[in-house]
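Convert by adding 731 to the 1-based position in the sequence shown; the result is the number in the working numbering.
Ideal placement from N, C-alpha and C gives every residue a C-beta, glycine not left out.
Scroll down for the structure; my scribbles are underneath it.
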Amino acid sequence: IIPPAPAKPDFDGPREKMQKLGEGEGPMTKDEFVKVKQELEAEYLAVFKKTVSVHEIFLQRLASHPILYKDSNFHIFLEYDQDLSVRRKNTKEMFGVFFKSMVKSADEVLFSGVKEVDEFFEQEKIFLVNYYNRIRDSCTKADKMTRVHKNVADDYIHISAALTCVA
C-alpha cells in the first residue's frame, strides 16, 4: 500500500494577515510595522518547515515501500540534484507553449522538403570570405608601402638638411 500524499500547506493564516497589513487598518508606526512583518515571516517559515518535514516523512515512507525502493526511476527522482520548477504555469503561459509547439510542428511540415543549404548563398558566402581576405591583405601591403615611403621621405629630409649645412 502506498502511503497517502501529504496535505497541502496552509498559508491562509499568514496570507490574511498580509492582506490586512497591506490594507493598512489605521496608522501604524515603523516599529509596529517591522514587528508585524517579522511575525509574518516567522509564520511563513514555520509553515514551510512543517511542509518540508511532512514531505520528508512521505518520501521516507515511499523509499521503504517494498516495490518502489527497487524502482530505478524512483532512485533517479530522489537523487536528482538540479533545480526543479515547482510553480504551475498559468493559462497564458500554457497557451504560449501550445502556440509555440503548433508553430514548430507547422514549420517542420512546411520545411521538411527544403534543402538546408542554398547553393547561391553558399557561393556568395565563399565570395565574400575570399573578398574580405584579399582586402585585408591589400590593406596590410598598403600600410607596409606607406611606412616605407615615410622612411624614404625621412631619409630625404636628413640628406637635404646635410646638403643645406654644407652649402
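Distance between residue j and residue i (C-alpha atoms, nearest Å)
i: N864; j: K872; result: 12 Å
i: R878; j: S869; result: 14 Å
i: F826; j: D812; result: 30 Å
i: Q791; j: P758; result: 49 Å
i: V767; j: K761; result: 10 Å
i: K751; j: K835; result: 47 Å
i: I866; j: E810; result: 57 Å
Contacts around residue i, its chain only, beta-carbon distance under 7 Å, and the 5 residues preceding and following it disregarded
i: T782; result: P740
i: T895; result: none
Residue j beta carbon less than 7 Å from that of residue i
i: V765; j: F742; result: no
i: P745; j: F789; result: no
i: K748; j: L776; result: no
i: L799; j: F805; result: yes
Per-residue DSSP class, three states only, for residue i
i: M759; result: coil
i: S795; result: coil
i: Q854; result: helix
Check: residue i C-beta below 6 Å from any heavy atom of the ligand GTP
i: A736; result: As presented, the structure is devoid of all ligands, the ligand GTP included, so that no description of it is given.
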